[in-house]
Amino acid sequence: MNFHLTDQAIEPTSLRRKLLSLSAGAYCSYEGWVRNHNEGKVVKELHYSGYPQLAPSIANTILKEAKEKFHIEDAAVVHRTGALTTGDIAVWVGVTAHHRGDTFLACRYIIDNVKHRLPIWKKEIYTDDTQAWIESNHCGCADPKNLEHPHQTHP
Amino acid sequence: MNFHLTDQAIEPTSLRRKLLSLSAGAYCSYEGWVRNHNEGKVVKELHYSGYPQLAPSIANTILKEAKEKFHIEDAAVVHRTGALTTGDIAVWVGVTAHHRGDTFLACRYIIDNVKHRLPIWKKEIYTDDTQAWIESNHCGCADPKNLEHPHQTHP
Amino acid sequence: MQIHILYFAQLADLAGKTEESRSIDHNSPAELYANLKHSYNFPHEFKHLQVAINHQLSAHSTELKDGDSIAFLPPMTGG
Amino acid sequence: MQIHILYFAQLADLAGKTEESRSIDHNSPAELYANLKHSYNFPHEFKHLQVAINHQLSAHSTELKDGDSIAFLPPMTGG
Chain A
1381 MNFHLTDQAI
1391 EPTSLRRKLL
1401 SLSAGAYCSY
1411 EGWVRNHNEG
1421 KVVKELHYSG
1431 YPQLAPSIAN
1441 TILKEAKEKF
1451 HIEDAAVVHR
1461 TGALTTGDIA
1471 VWVGVTAHHR
1481 GDTFLACRYI
1491 IDNVKHRLPI
1501 WKKEIYTDDT
1511 QAWIESNHCG
1521 CADPKNLEHP
1531 HQTHP
Chain B
1381 MNFHLTDQAI
1391 EPTSLRRKLL
1401 SLSAGAYCSY
1411 EGWVRNHNEG
1421 KVVKELHYSG
1431 YPQLAPSIAN
1441 TILKEAKEKF
1451 HIEDAAVVHR
1461 TGALTTGDIA
1471 VWVGVTAHHR
1481 GDTFLACRYI
1491 IDNVKHRLPI
1501 WKKEIYTDDT
1511 QAWIESNHCG
1521 CADPKNLEHP
1531 HQTHP
Chain C
54 MQIHILYFAQ
64 LADLAGKTEE
74 SRSIDHNSPA
84 ELYANLKHSY
94 NFPHEFKHLQ
104 VAINHQLSAH
114 STELKDGDSI
124 AFLPPMTGG
Chain D
54 MQIHILYFAQ
64 LADLAGKTEE
74 SRSIDHNSPA
84 ELYANLKHSY
94 NFPHEFKHLQ
104 VAINHQLSAH
114 STELKDGDSI
124 AFLPPMTGG
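Chains as they are written, first to last, in this note's numbering: chain A, 1381 to 1535; chain B, 1381 to 1535; chain C, 54 to 132; chain D, 54 to 132.
Next comes the structure, spelled out in structure tokens:
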């Protein structure tokens, strides 16, 4: 199983190491970092709340779809839960393949679908101590026709 | 300057660390790994030969183009020279941005152009001790219309 | 019959709890949600939520059975 | 005039050296390459190589000056 939720800091170095392979020529990884601002407000902390009994089956479905759509060798996702502060890694995706094109497309497919389908919810806590559940990742990024769009609403 | 040629092992962990930023929400990286085979032949070793007095200016041009084309915060490239064996990292690219779409597109743009424009040449040494200078990265991957093509000739 | 309900995110905040059991005399997720929406002032329309029954995504029209767990899932915002 | 020539990759293997100086009585990269191609059996056509003069990519038609360095670059194959 190449997915887990964790309430501990995500360690890209060790996650990457698990994907090392002598037959793969290409490796692409993506990380979502907690920014110090969002839409003009200064973010002090994020809180990610997940549904741990449901998330693994959905993550595995997404990974399986990526393997069917692209010629990849392996892929993995880790999502953080709990309280995160600026600079923390919220999500990590890694993909290996023979060819680089497949790693980019699969990595993008996985992160787009993780954002829209994995049962995890984000609350932002601002420096003025107000807080808000983020309403939606309303960028439509999962749509391939938006791949070249220069600006999405969320990282 | 966010480029260097090195004859030492590429260390993604420390290269990534240099791109850390509290204002970036997205990080994409790419690594080219030496595979144990290419087009049916078993590869024992690769030898990358570079033109060190020319490579930096070309790499910086490519990075500058990526910054003009996409909304990215920072980007870096490191290319290995000398003798590499299977599993070694030949090239590393890292990109940070506010939004993930830009990191993927810029990272892809940089690696495609590095492969076609950076003055570096690859010789493959096979397990039967024959060797060959690779003729060209003849996949045309830099062409955006090939972004979705499932198979390129080289990683 | 007895149904176990799980709350996440904004729904957990509004309900003031992450789970509870309720006795219901029907088998409809829609009717159950209408009651919960009324109890806790949930802002979402039923059709805008996904339904998970026994930890699996399920059709909105699935008939509930005694002992089922159910969760109403707001739009996901991970990543 | 005196020109310094740099060889890379297959051209260095075929020339058996990575650099050399030559005296030439013209200022044409094309003519210089034709002579080198003849000396070392280089397989490439001039038009398929890039030209770097004094470590900068230059037009194939650039006129050489005394003391220039020049390199003829086969298609690049990094990554």
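Even glycine gets a Cβ: it sits at the ideal position worked out from N, Cα and C.
Per-residue burial, residue i [other beta carbons within 10 Å of its own, 16 or more giving buried]
i, result
"Gly1520(A)", "Low local confidence applies: a pLDDT of 41 at Gly1520(A) is under 50, so the model's placement there is unreliable, and no value is given."
"Lys1525(B)", "Here the model assigns Lys1525(B) a pLDDT of 38, short of 50, so the residue's position is not dependable, and the following value carries that caveat. Lys1525(B) should be labelled exposed."
"Ala1406(A)", "buried"
"Ala1435(B)", "buried"
"His1332(B)", "Since the displayed chain B opens at 1381 and closes at 1535, residue 1332(B) lies outside it and no answer follows."
"Lys1502(A)", "buried"
"Asn94(D)", "exposed"
"Asp119(C)", "exposed"
"Arg1397(A)", "exposed"
"Asp1387(B)", "exposed"
"Glu1515(A)", "exposed"
"Leu117(D)", "buried"
"Asn88(C)", "exposed"
"Pro1432(A)", "exposed"
"Asp1492(B)", "buried"
"Pro1499(B)", "buried"
"Gln109(D)", "exposed"
"Thr130(D)", "buried"
Chain C contact for residue i (CB, 8 Å cutoff)
i, result
"Gly1412(A)", "yes"
"Lys1502(A)", "yes"
Bridge partner(s) assigned by DSSP for residue i
i, result
"Cys1408(B)", "Tyr1410(A), Val1475(B)"
"Val1457(A)", "Phe1383(A), Val1473(A)"
"Ile1505(A)", "Glu1425(A), Gln1511(A)"
"Gln63(C)", "Per DSSP, none; premise fails for Gln63(C)."
"His1417(B)", "Val1422(B)"
"Gln109(C)", "Ile106(C)"
"Ile58(D)", "Glu73(D), Ile123(D)"
"Gly1536(B)", "In the structure as shown, chain B starts at 1381 and stops at 1535, and residue 1536(B) therefore has no counterpart that could be examined."
"Gly1481(B)", "Answer is none; Gly1481(B) lacks a bridge partner."
"Ile1452(B)", "Ala1477(B)"
"Glu1395(A)", "Rather than Glu, the amino acid found at residue 1395(A) in this sequence is Leu. Beta-bridge pairing links Leu1395(A) to no other residue."
is_contact[residue i, chain D] using C-beta, thresh 8 Å
i, result
"Leu1498(B)", "yes"
"Leu1443(B)", "no"
"Lys1495(B)", "yes"
"His1384(B)", "no"
"Ile1490(B)", "no"
Min CB distance residue i to chain A below 8 Å
i, result
"His57(C)", "no"
"His108(C)", "yes"
"Ile1505(B)", "no"
Proximal residues of chain A, C-beta to C-beta of residue i below 8 Å
i, result
"Ala1406(B)", "Tyr1410, Glu1411, Gly1412, Trp1413, Pro1535"
"Ala1396(B)", "In the sequence as presented, Ala is not what sits at residue 1396(B); that position holds Arg. Neighbours of Arg1396(B) on chain A, chain order: Pro1392."
C-beta neighbour in chain B for residue i, strict 8 Å
i, result
"Gly1467(A)", "yes"
"Ser1516(A)", "no"
"Phe61(D)", "yes"
"Lys1525(A)", "Caution applies to Lys1525(A), whose pLDDT of 38 falls short of 50 and renders its modelled position unreliable; the model cannot decide the point."
Cross-chain neighbours of residue i in chain A, by beta carbon under 9 Å
i, result
"Thr115(C)", "The contacting residues do not exist; Thr115(C) stays about 15 Å from chain A at best."
Under 7 Å by beta carbon: chain A residues contacting residue i
i, result
"Asn1416(B)", "Leu1402, Ser1403"
Per-residue contacts from residue i into chain C (C-beta, under 9 Å)
i, result
"Trp1513(A)", "Ala62, Gln63, Asp66, Pro127, Thr130"
"Leu1434(A)", "Ala105, His108, Gln109, Leu110, Ala124, Leu126"
Beta-carbon neighbours of residue i, restricted to chain D and to distances below 7 Å
i, result
"Ala1470(B)", "Gly132"
Closer than 9 Å at the beta carbon, the chain D residues around residue i
i, result
"His1459(B)", "Gly131, Gly132"
Quiz item: Looking at chain G, which residues of the stretch 82-105 of chain C have a Cβ within less than 9 Å of any of its Cβ atoms?
Solution: Going by chain labels, chain G is absent from the structure shown, which instead holds the protein chains A, B, C and D.
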